[in-house]
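Trainee:
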Amino acid sequence: MINLDYLAAKYGQQIGLDAKVEEKTLSTALNILHEQGIYALFLWLYQKADERRTLGVGIQNLFKDKYCPKQLENNESIWSNNKKDALDTVRSVFTIDLRTMFIAKDLISLTLTYARHAAKTRSGEEN
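The sequence shown begins at 297 in our numbering and counts up by one.
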């Protein structure tokens, strides 16, 4: 069994080191996830899809990783140009089963936390 912290660190670093991702955006994403849940997070991400693409793609890559306990199938996408289908997938894959929802929420939360720390590190290097 893979250590979920490894997955969160791997994808959190990729997200946080992207120059287009701001620490404030990551903090807002974490707040929405904690207070309103996974589906609300993706609704928020899609409101400004161009600006928040790195987050959406990063989370999707996390759940496509072969070591992730809840993998997306090859034909499933939670980040695409077809927002309706992607949001339907978020709802059906992550919120239908309580156990899966809690694992996914914890994994996304840890990934975004690491991404925020990576973004802080990046912004410290820029100064």
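Idealized CB from N, CA, C, for every residue including glycine.
Assuming contact is defined by CB atoms lying nearer than 8 Å, are C364 and L408 in contact in what I supplied?
Mentor: no
Trainee: Given 8 Å as the limit, is there contact between the segment 369-380 and the segment 304-324, that is, 3 or more CB pairs closer than that?
Mentor: no
Trainee: Pick helix, strand or coil for T396, following the three-state DSSP scheme.
Mentor: It is helical.
Trainee: So I374 and F359 are in contact, right, with Cβ under 8 Å, and what is the actual spacing, rounded?
Mentor: 7 Å
Trainee: Leaving out five residues before and five after K366 in sequence, what residues of the same chain have Cβ atoms less than 7 Å from its Cβ?
Mentor: Excluding sequence neighbours, K366 sits near F359, T396, I399 and A400.
Trainee: Could you tell me the alpha carbon to alpha carbon distance between H330 and R418, rounded to whole angstroms?
Mentor: 25 Å
Trainee: Is the distance from the Cβ of I424 to the Cβ of I334 below 8 Å?
Mentor: Nothing about residue 424 can be reported from this structure: the residues present for the chain run from 297 to 423 only.
Trainee: Just tell me which of N299, Q309, L300 and I298 has its CA closest to the CA of R412.
Mentor: Q309
Trainee: Tell me, to the nearest whole angstrom, how far the beta carbon of E372 is from that of T391; I am working on the premise that it is less than 8 Å.
Mentor: About 14 Å; that fails the 8 Å criterion.
Trainee: Alpha carbon to alpha carbon, how far is V389 from L383?
Mentor: 10 Å
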